[in-house]
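Colleague: Mind having a look at this structure? Questions to follow.
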Amino acid sequence: MADKDQIPDVLADRYASAAMAAIWSPEGKVKAERRLWVAVLEAQRDLGIEVPDGVVEAYRGAIDQVSLDSIRERERVTRHDVKARIEEFCALAGYEHIHKGMTSRDLTENIEQLQIRDSLRLVRDKLVAVVCALGVKADTHAELVMVGRSHNVPAQATTLGKRFATAGEEARAALDRIEDLLVRYRLRGLKGPVGTQQDQIDLFLGAANDAAELENRVSASLGFAATMGSVGQVYPRSLDYDVVSALVQASSAPANLARTIRLMAGQGLISEGFQAGQVGSSAMPGKRNARTSERICGLSAVVQGYADMVSSLVGDQWNEGDVSCSVVRRVALPGAFLALDGQLEAVLVVLKELVVFEGAIAAELDANLPALTATRMLMASVAAGAGREEAHRIISEHVSKGDEFFTAVVDDARLSIAAVDVERIKSQILVLAGAGPAQSREFANQAKDLAQEHPNAASYQPESIL
77 MADKDQIPDV LADRYASAAM AAIWSPEGKV KAERRLWVAV LEAQRDLGIE VPDGVVEAYR
137 GAIDQVSLDS IRERERVTRH DVKARIEEFC ALAGYEHIHK GMTSRDLTEN IEQLQIRDSL
197 RLVRDKLVAV VCALGVKADT HAELVMVGRS HNVPAQATTL GKRFATAGEE ARAALDRIED
257 LLVRYRLRGL KGPVGTQQDQ IDLFLGAAND AAELENRVSA SLGFAATMGS VGQVYPRSLD
317 YDVVSALVQA SSAPANLART IRLMAGQGLI SEGFQAGQVG SSAMPGKRNA RTSERICGLS
377 AVVQGYADMV SSLVGDQWNE GDVSCSVVRR VALPGAFLAL DGQLEAVLVV LKELVVFEGA
437 IAAELDANLP ALTATRMLMA SVAAGAGREE AHRIISEHVS KGDEFFTAVV DDARLSIAAV
497 DVERIKSQIL VLAGAGPAQS REFANQAKDL AQEHPNAASY QPESIL
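What follows is the structure in structure tokens.
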């Protein structure tokens with residue numbers, strides 16, 4: 077078998093932050109499992125199970141002595157990953173006292189849930205940072221009127237601040253879901269091979285209360301306030317789908333914003349910024365493509381792909397449990413978190429380095445002013461007594477005249493629009509954006525409140541990206 081360490085994990089090595097990669101690293105998982113084994117052993121001792129002096133301390137002292145190669149060699153013999161890790165830890169400690177009354181899933185399920193919980197907290201904090209960064213942009217550009225587009229063609233005026241606020245509202249909705257998920261996320265606990273806790277009860281000589289207390293102590297040591305009541309060997313995989321689908325939702329606002337930035341960059345209205353030494357193309361020295369926004373969109377597709385994988389596990393467990401889900405979860409759970417983390421890091425970099433070309437925005441606005449004012453001309457004509465449908469048809473014909481639009485509207489007696497009204501509509505640029513400025517500031521104020529609630533998360537600075 078080839079040395080797998082030579083094959084890079086692209087998501088962990090290239091896109092995700094060091095903090096997220098550490099949660100899902102093989103070495104980090106081994107250490108977390110060992111801490112769980114020690115917590116179980118210590119709680120069993122405190123509840124009356126005989127454990128010789130020095131045993132817990134010996135295991136604790138071996139927690140950080142991780143050799144993935146040695147564990148892998150043991151697994152080649154056992155063909156059982158958990159048994160290999162048990163043997164390795166016992167050899168290092170010099171005792172055989174861990175894993176009493178436990179099944180493999182008592183170890184792996186709880187540690188995977190710990191990884192999920194810690195990753196959700198990291199996602200929550202970065203979503204806070206994204207919402208707050210968007211709030212700053214919404215406030216800064218609240219009154220920067222620009223061409224609003226529906227179906228990617230000019231529709232009505234909006235403001236750049238409102239575009240940021242719109243992305244921020246979606247990000248805030250995802251943040252609310254993540255926070256709700258963290259509140260209701262329960263640990264599987266120590267349930268044994270089929271969920272009855274029989275082995276732990278037998279270990280405590282039939283004392284079910286001691287087995288329940290053991291579970292409570294261990295779950296508290298992992299930082300969980302509650303455990304599931306009745307499960308089989310595994311917890312329902314629909315809960316994994318709940319988690320990963322929440323990550324899909326969290327990826328949506330960054331992806332929508334990135335697509336808009338890519339479109340605006342193509343029109344020369346905005347730029348991701350260009351740092352010293354940065355190269356846009358190996359062939360074209362002057363190229364300045366929105367490459368990080370492209371990455372953001374691509375990583376969104378990756379998260380969605382993992383959600384599709386996890387969805388296949390929903391409702392697919394046999395009786396009290398099987399391991400057909402194992403390979404999918406080993407790939408999809410870390411993959412989804414690493415991909416989303418990389419996306420959030422990237423969007424924070426883009427928001428930090430973004431450059432707005434206000435002159436180009438003003439020029440585009442002026443060039444599209446006939447189309448952008450057409451609705452207000454229609455309302456003015458109706459107010460002057462014209463029929464709505466006829467006025468709609470006439471104004472639609474005049475819009476195609478470009479610079480002559482405003483003169484044509486005044487000269488057309490059927491519309492009954494006075495020249496002074498046309499000049500007023502043309503000159504009131506900010507009015508064209510309607511409630512856009514107010515909506516931008518309202519969101520910005522909400523983001524400021526969020527920053528006060530989560531000051532550390534709001535001030536997070538993204539890692540430098542490749």
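Position 396 of the sequence shown, counting from 1, maps to 472 under this note's numbering, and the rest follow consecutively. Where a beta carbon is used, it is the ideal one built from N, C-alpha and C, also for glycine. None of the values given here were measured: they were computed from a predicted structure.
1. Are Val520 and Asp215 closer than 8 Å when you measure CB to CB?
2. Where do the ends of the alpha helix (DSSP H) carrying Ser328 lie?
3. Can the beta-carbon of Met455 be found closer than 8 Å to that of Ile493?
4. Here's the rule I'm using: 16 or more other beta-carbon atoms within 10 Å means buried, otherwise exposed. How should Ile83 be labelled?
5. Rounding to the nearest angstrom, what Cα-Cα distance links Val423 and Ser321 in this structure?
6. Leaving aside the five residues before and after Ala169 along the sequence, list all residues of the same chain whose C-beta is less than 6 Å from its C-beta, in chain order.
7. In or out: Asn186 buried (at least 16 other Cβ within 10 Å) or exposed?
8. Between the alpha carbons of His530 and Val204, how many angstroms are there, rounded?
9. Going by C-alpha to C-alpha distance, which of Val259, Leu345, Leu251 sits closest to Ser328?
10. To the nearest angstrom, report how far apart Glu246 and Ser369 are at their CA atoms.
11. Determine the DSSP secondary structure at Ile346, reduced to helix, strand or coil.
12. Okay, do the stretch 410-417 and the stretch 374-390 touch, 3+ Cβ pairs below 8 Å being the bar?
13. Closer than 8 Å by C-beta to Leu117: which residues in its own chain qualify, once you throw out the five before and the five after it? Chain order, please.
14. Quick check: the stretch 330-345 against the stretch 394-407, are at least 3 beta-carbon pairs closer than 8 Å?
15. Between the C-alpha atoms of Val158 and Val294, what's the straight-line distance to the nearest angstrom?
16. Considering only residues of the same chain and omitting the five flanking positions on each side of Leu236, which have a CB-CB separation below 6 Å?
17. How is the beta strand (DSSP E) around Pro230 delimited, first residue to last?
18. On the CB-based measure, 16 or more other CB atoms within 10 Å of its CB, does Met77 come out buried or exposed?
19. Between which two residues does the beta strand (DSSP E) carrying Gly224 extend?
20. By alpha-carbon positions, which one of Leu491, Val426, Ala534 ends up nearest to Phe240?
21. Where Leu445 and Asp201 are concerned, what is the direct C-alpha to C-alpha distance, given to the nearest angstrom?
Modeller: Result, derived from the coordinates:
1. With the sequence shown as reference, residue 520 is identified as Ala, and Val is not the correct amino acid for it. Yes, the pair counts as a contact, with Cβ atoms nearer than the cut-off.
2. Counting along the chain, the unbroken alpha helix (DSSP H) around Ser328 starts and ends at 314-342.
3. For the 8 Å CB-CB criterion, Met455 and Ile493 do not form a contact.
4. Ile83 sits exposed, since fewer than 16 C-beta atoms from the chains shown fall within 10 Å of its C-beta.
5. Roughly 20 Å between the two C-alpha positions.
6. The residues are Ala134, Tyr135, Ala138.
7. Label assigned to Asn186: buried.
8. Those two C-alpha atoms are separated by around 7 Å.
9. Ranked by Cα distance from Ser328, the first of Val259, Leu345, Leu251 is Leu251.
10. Taken atom to atom, the span from the alpha-carbon of Glu246 to that of Ser369 is near 17 Å.
11. DSSP places Ile346 in strand when its eight states are reduced to three.
12. Yes, the stretch 410-417 touches the stretch 374-390.
13. Once the five neighbours on either side are set aside, the close Cβ partners of Leu117 are Val127, Val131, Val132, Tyr135, His173, Ile174, Lys176.
14. Touching, no.
15. Their Cα atoms are separated by approximately 19 Å.
16. His217, Leu220, Met222, listed in sequence order.
17. Pro230: member of the beta strand (DSSP E) spanning 229-235, first to last residue.
18. For Met77, the predicted model reports a pLDDT of 43, less than 50, meaning its position is unreliable; a value from the coordinates is still stated below. Exposed, because fewer than 16 other Cβ atoms sit within 10 Å of the Cβ of Met77.
19. Residue range 221-226 is occupied by the beta strand (DSSP E) that includes Gly224.
20. Ranked by Cα distance from Phe240, the options Leu491, Val426, Ala534 are led by Val426.
21. Cα to Cα, the separation comes out at about 41 Å.
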